[in-house]
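**Student:**
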Amino acid sequence: MSNEIKKTHEPLFHVAKRDSLSPLKGLLIRVIAIVVAILLCSILTFFLIGTKNPFSLISTLVDGSFGSELRIWRFAKDLAVMLCISLAVTPAFRMKFWNIGAEGQVLIGTLASISCAFYIGDAVPNGVLLVIMFFASVVAGAVWGLIPAVFKALWNTNETLFTLMMNYVATYLVAFALIKWTPDGSSTLGIVEHGHLPEIFHPYLLLIVIVGALTLGIYIYLYHSKQGYEISVVGESQKTACYIGINVKKVVIRTMVVSGAICGVMGFLYASALDHTITTATVGGLGFTAIMVSWLAKFNPFIMIATSALIVFLNQGSSQMSTAFNISSAFPNVIVGIILFFIIGCEFFINYRIKFRKSKGDAEK
Amino acid sequence: MNKEIALMMQGITKYFGSVAANKNVDLTVYKGEILAILGENGCGKTTLMNMIAGIYYPDEGKIFVDGEEANIRSPKDAFVYRIGMIHQHFKLVDVFSASENIVLGVDDGKKYSIKDVNNRVLEISERYGFHIDPKKKIHEMSVSEKQTVEIIKVLYRGADILILDEPTAVLTPQETARLFDILRRMRDDGKSILIITHKLHEVLSLSDRVAILRKGEHVATVNTAETNESELTEMMVGKKVQLNIQRSMPQNPRVRLSVSDMNAVNEEGVKVLDSISFDAYSGEILGIAGIAGSGQRELLEAIAGLQHLESGKILYQNPKNGEEVNLRDKTPLQIRDLGVRLSFVPEDRLGMGLVGNMNITDNMMLRSYRRGHSMFVDRARPKKLAEDIIHSLAVVTPGLNTPVRRLSGGNVQKVLVGREISTSPTVLMAAYPVRGLDINSSYTIYNLLNKQKENGTAVIFVGEDLDVLLELCDRIMVICAGKITGVVEGRRTTKEELGVLMTRANAAPYENRPAYPLTDDVPQCVESVAEPPVKDFPDAMNRVLMRIKKRGEPQ
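Taken in sequence, the protein lines are chains A and B. Note that the working numbering has the first sequence beginning at 11, numbered continuously upward. Note that the working numbering has the second sequence beginning at 212, numbered continuously upward.
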């Protein structure tokens, strides 16, 4: 019977978890990944699109974000939006509460602001209206975060599914409001005239300043406040949290309210500083991209500035590619996909190391 | 004995890191016998069985099945050799029926038909006397039914060698009797049965032979008919080893914690604490001895406010004002708000006592971060405390910012114990505080516990090494299956007595009061804590204890 068992060899390589890795080495691995990805994409572009030289991909990408003053401002604006939503999902993620409902939380925040501007915009002065819009958005976002959190805390429902479903509820509420507000049946709401944030120096500057302040605020909240400390403890070990007397349910609910409220702030900014209108696609999937941005930054708000910049850079670059090479947007998407694949894939080499089988000679030593 | 050999192990050795779980074990199993594997906690019983079942692979040594050398690399290989193991924790799919679970993973090349499976399951049941409905879903089953499914699962795959890891731990006495009948029938059918157990009376009533393991080594295998309880206990616990742990007489012992009629059940509805009543006195170390999983964890967690009790009282006598409060079903926070300075060193250091991914400073903060009204945390004090503990307890760490999970076991424990005593507790509970620690670290911990005792703290020490319990504790309470089976004086008892108490089913009459003189009168308003003598104590440690005492007054 023992014949049935084949003699097994030591496999060619082992994958072992890394004990620790110096931050510098980690950075090096990431930089190598990006460089390799861009080189690969350059070669791919060179052969498939037939660009003049292999480096035109890189120059096009850079051109997309920094090619003109307008593009730089647009880059900064998109960076601020990306960063704001990423910051919003971070408190929940640090608690290991997988909130994928930022999309809906931002959208419902926008809806709340636009509703205020739509209904009472004529009746109150702009300053008062902005304050009302702000609070309405924050409350709406917070409620959208609160509902799944309460269900999670009390009945241990799956937060990922729940927050995902809440996105649809928000989307369809917006669709409903649009039908109601547009008697002509076009379902397209024009620019709402009221509730615009004042322009200081540049239309996007105030937005960027607000998000900058928010980044600092969230950093302090997460790393230096008692509540932020509780979030980390609950995220690392619920048993430890119980042991030292943290009320886990309370922390879960409170943190999701904070997450939702920050999404609400972004919703307010969409309504007051950016779009001044709403469609079902206002957030445009950024609520999901934010999850990746937050993860890549290891939930650190300052590193998140860099990861947001990277994602925005790739997005801008890819649309620039479509124009520059006169191709459909599918190819730039492939390029972005390859680069992201390398960036996320290199996390494997940061967390694990590959040990190759020692050759016979080595083993004898 | 001229029986046929079913399985033979030769020179089996297994290391986990640098710790030998099994050292050079030889074991022979015959066909048609029940062999009991007996030993204390952590003596390597389960590791040894796991190597037969293909879960671990031995570092050295050979296993022979039916006289042929066997290379068992996985549970799947084990089944090829007709070996099956029934684990302590069942591995069943809740929403599947009994038959579906049994056939899961079986690849016999035949067409799958649940009807055939049902019939075979019934056939096996009839043969050995199981009672089972093959169509019943696992989540509708009692613990004993689930165990039956696990056993049939192994038999269905044609196992001739069955390994049962503490099968009776989850069963009622009636269910145990029924299981034993079945096991006897299997033996008579020619199967070899290996059963891991701590309960001596079960060993004596069921097994044909007993193999005793101690500290990873095979001590002896004896015929059950030719041995008795005390001989087995002696082989199991071994000779007394002198450790020379210092132990002073308790000074002014007063009742600090009075537990009465504590009962609790676990998630599966099994009783884990059964009418527990005891007193813990100030200035003494009360040891708790028992086989692992006898209710030690639940007992401590109940006092710490983490385990729900069905009934009972936990009365705490506050030495500051003489007030008495009931701690039952209070949260840890409420307990602290009542002014109870209770410290708890849990068994699971990194999973419960500390946060593995946080650095030492942040771990120091776990107890104290709420201090003050500011919404921000103050890291200056915890940092100072962390530095003090690192220096005085000689914690080896690359720096204050290293996550504690990267420290060695001994250093992790020093960090945890250091934090817990820094609040100058009036009750200090420690579960297996020296598990996995080297000799030096262990003595550091003993000294710290002794120091607390001399300061008038009521120390509750859950231990597994009987030699340590005997030399460190003033009194030792023995629990078995959630019940107190005896409370003995640490200075007078013997290892054998503890061994017997740990493995017996019912309690012997015992005295709940210590033999040494007690101070019975009502505590004075402020208990005067005499400064303990400082001799025999490393200087550095003294310094930190003084500093800790000064700083650690309650908020």
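Even for Gly, the Cβ is constructed at its ideal location relative to N, Cα and C.
Counting only beta-carbon separations shorter than 8 Å, does G228/B have a partner in chain A?
**Tutor:** Residue mapping note: residue 228/B aligns to position 17 of the second sequence, counting from 1. So no, G228/B is outside the interface.
**Student:** Give the secondary structure of V243/A by DSSP, where H, G and I count as helix, E and B as strand, and everything else as coil.
**Tutor:** Counting from 1 along the first sequence, the entry for residue 243/A is found at position 233. Of the three classes helix, strand and coil, the one that applies to V243/A here is helix, per DSSP.
**Student:** Give the residues of chain A in contact with P286/B, contact being defined as C-beta atoms less than 9 Å apart.
**Tutor:** The residue given as residue 286/B occupies position 75 in the second sequence. Near P286/B there are no residues of chain A at all, since even the closest Cβ is about 13 Å away, more than 9 Å.
**Student:** Roughly how many angstroms lie between the CA atoms of F23/A and F359/A, to the nearest whole one?
**Tutor:** Taking the first residue of the first sequence as 1, we reach residue 23/A at position 13. Taking the first residue of the first sequence as 1, we reach residue 359/A at position 349. Computed Cα separation, rounded: 14 Å.
**Student:** So, under 8 Å CB-CB, Q663/B and I687/B are touching, yes? Tell me the CB distance rounded to an integer number of Å.
**Tutor:** Position 452 of the second sequence, counted from the first residue, corresponds to residue 663/B. Position 476 of the second sequence, counted from the first residue, corresponds to residue 687/B. Contact doesn't hold; Cβ gap of about 18 Å is too wide.
**Student:** Excluding five sequence neighbours on each side, which residues of the same chain lie with their C-beta closer than 6 Å to the C-beta of S332/A?
**Tutor:** Position 322 of the first sequence, counting from 1, holds the residue named residue 332/A. The answer, listed in chain order, is S339, P342.
**Student:** On a CA-only basis, which of I274/B, S493/B, T435/B, P644/B is nearest L411/B? Give me that one, please.
**Tutor:** Looking up residue 411/B in the second sequence gives position 200. Among I274/B, S493/B, T435/B, P644/B, the Cα nearest to that of L411/B belongs to T435/B.
**Student:** Indicate the three-state DSSP secondary structure (helix, strand or coil) for R560/B in the structure shown.
**Tutor:** Walking along the second sequence from the start, residue 560/B turns up at place 349. Three-state DSSP puts R560/B in a helix.
**Student:** Any beta carbon from chain B within less than 8 Å of S32/A's own beta carbon?
**Tutor:** Position 22 of the first sequence, counting from 1, holds the residue named residue 32/A. Answer no: the Cβ-Cβ gap between S32/A and chain B never drops below 8 Å.
**Student:** Are L565/B and D540/B close, meaning C-beta to C-beta below 8 Å?
**Tutor:** For the purposes of this step, residue 565/B is taken as residue 354 along the second sequence, with counting starting at 1. For the purposes of this step, residue 540/B is taken as residue 329 along the second sequence, with counting starting at 1. The answer is no: Cβ separation not under 8 Å.
**Student:** Over the uninterrupted beta strand (DSSP E) stretch that includes R297/B, give me the two end residues.
**Tutor:** Within the second sequence, numbered from 1, the residue matching residue 297/B stands at position 86. The sequence given here has Ile at residue 297/B, not Arg. I297/B -> beta strand (DSSP E) spans 294–297.
**Student:** Should the region 466–474 of chain B be called in touch with the region 527–537 of chain B, which here means at least 3 C-beta pairs below 8 Å?
**Tutor:** Contact between the region 466–474 of chain B and the region 527–537 of chain B is present, because at least three Cβ pairs lie under 8 Å.
**Student:** State whether the region 243–251 of chain B contacts the region 263–279 of chain B, with contact taken as three or more CB pairs (one from each stretch) at a distance under 8 Å.
**Tutor:** Segments in contact, no.
**Student:** Flag this pair as yes or no: are the beta carbons of V25/A and Y362/A separated by less than 8 Å?
**Tutor:** On the first sequence, residue 25/A is found 15 positions in, with the first residue counted as 1. On the first sequence, residue 362/A is found 352 positions in, with the first residue counted as 1. The answer is yes: Cβ separation under 8 Å.
**Student:** What does DSSP give as the partner residue(s) for E271/B in the beta ladder?
**Tutor:** Taking the first residue of the second sequence as 1, we reach residue 271/B at position 60. Its beta-bridge partners are T224/B.
**Student:** Let's see if you can read the secondary structure: which residues bound the beta strand (DSSP E) around T432/B?
**Tutor:** For the purposes of this step, residue 432/B is taken as residue 221 along the second sequence, with counting starting at 1. Residues 428–434.
**Student:** When you compare only the Cα positions, how much space is there between I372/B and E700/B?
**Tutor:** For the purposes of this step, residue 372/B is identified with residue 161 of the second sequence, where counting begins at 1. For the purposes of this step, residue 700/B is identified with residue 489 of the second sequence, where counting begins at 1. For I372/B and E700/B, the distance between alpha carbons rounds to 44 Å.
**Student:** Could you check how far apart the C-beta atoms of L207/A and L216/A are, in whole angstroms? I think they sit under 8 Å.
**Tutor:** In the first sequence, the residue the question calls residue 207/A occupies position 197. In the first sequence, the residue the question calls residue 216/A occupies position 206. Indeed, because the Cβ distance is near 6 Å, the residues count as touching under 8 Å.
**Student:** What residues are listed by DSSP as bridge partners for G498/B?
**Tutor:** The residue you call residue 498/B lines up with position 287 of the second sequence. The partner list for G498/B (beta bridge, DSSP) reads F672/B, I687/B.
**Student:** Quick one: any contact between the region 80–96 of chain A and the region 135–151 of chain A, if contact means 3 or more CB pairs under 8 Å?
**Tutor:** With a cut-off of 8 Å, the region 135–151 of chain A and the region 80–96 of chain A do not count as touching, because too few Cβ pairs lie within range.
**Student:** Using a Cβ-Cβ distance under 8 Å, would M576/B count as near chain A?
**Tutor:** What you label residue 576/B is simply residue 365 of the second sequence in a count that begins at 1. Yes, M576/B counts as interfacial toward chain A.
**Student:** Give me the DSSP bridge partner(s) of L188/A.
**Tutor:** Position 178 of the first sequence, counting from 1, holds the residue named residue 188/A. L188/A is not bridged to any residue.
**Student:** Contact defined as beta carbons within less than 8 Å: I believe P614/B pairs with M569/B. What is the distance between those atoms, to the nearest angstrom?
**Tutor:** For the purposes of this step, residue 614/B is taken as residue 403 along the second sequence, with counting starting at 1. For the purposes of this step, residue 569/B is taken as residue 358 along the second sequence, with counting starting at 1. That belief holds up - the Cβ atoms of P614/B and M569/B are roughly 6 Å apart, short of 8 Å.
**Student:** Going by DSSP, name the residue or residues bridged to V230/B.
**Tutor:** For the purposes of this step, residue 230/B is taken as the residue at position 19 of the second sequence. In DSSP, V230/B forms a bridge with F227/B.
**Student:** Could you say which of E442/B, Y367/B, G480/B lies nearest to E334/B if we only look at CA atoms?
**Tutor:** As a working mapping, residue 334/B is identified with position 123 in the second sequence. Per the Cα distances, Y367/B.
**Student:** Straight-line CA distance for E311/B to T258/B?
**Tutor:** Position 100 of the second sequence, counting from 1, holds the residue named residue 311/B. Position 47 of the second sequence, counting from 1, holds the residue named residue 258/B. So the alpha carbons of these two residues sit roughly 29 Å apart.
**Student:** Between which two residues does the beta strand (DSSP E) containing R425/B stretch?
**Tutor:** Translated into positions along the second sequence, residue 425/B becomes position 214. Unbroken beta strand (DSSP E) run through R425/B: 420–425.
**Student:** Using a Cβ-Cβ cut-off of 6 Å (strictly less than) and excluding sequence neighbours within five positions of S304/A, which residues of its own chain qualify?
**Tutor:** Taking the first residue of the first sequence as position 1, residue 304/A is located at position 294. Excluding positions up to five away in sequence, the list reads S96, V99, T100, F103.
**Student:** DSSP state of H412/B, grouped into three classes?
**Tutor:** Position 201 of the second sequence, counted from the first residue, corresponds to residue 412/B. Here H412/B sits in helix by DSSP.
**Student:** Can you pull the DSSP bridge partners for D376/B?
**Tutor:** Your numbering for residue 376/B matches position 165 in the second sequence. Answer by DSSP bridge pairing, in chain order: I407/B.
**Student:** Hey, out of T173/A, L224/A, I201/A, whose CA is closest to I315/A's CA?
**Tutor:** If you number the first sequence from 1, residue 315/A lands on position 305. Taking only the C-alpha atoms, the option nearest I315/A is L224/A.
**Student:** So, with DSSP's three-state summary, where would you put P744/B?
**Tutor:** Locating residue 744/B in the second sequence gives position 533, counting from the first residue. For P744/B, the pLDDT reaches just 40, beneath the cut-off of 50, and the residue's location in the model is therefore unreliable, leaving the point undetermined.
**Student:** Short of 7 Å Cβ to Cβ, which residues in the region 539–555 of chain B face chain A?
**Tutor:** Those would be T542, P543, L544, R547, in chain order.
**Student:** Would you say P557/B faces chain A, with C-beta separation under 8 Å as the test?
**Tutor:** As a first step, residue 557/B must be located in the second sequence, where it is residue number 346. For P557/B, the answer is yes, since a Cβ of chain A falls inside 8 Å of its Cβ.
**Student:** Look up M569/B in the DSSP assignment and say whether it is helix, strand or coil.
**Tutor:** Indexing the second sequence from 1 puts residue 569/B at position 358. Coil, per DSSP.
**Student:** Would you decide whether L538/B is buried or exposed? Buried here means 16 or more other CB atoms lie within 10 Å of its CB.
**Tutor:** As a position in the second sequence, residue 538/B is number 327, starting the count at 1. So L538/B ends up on the buried side.
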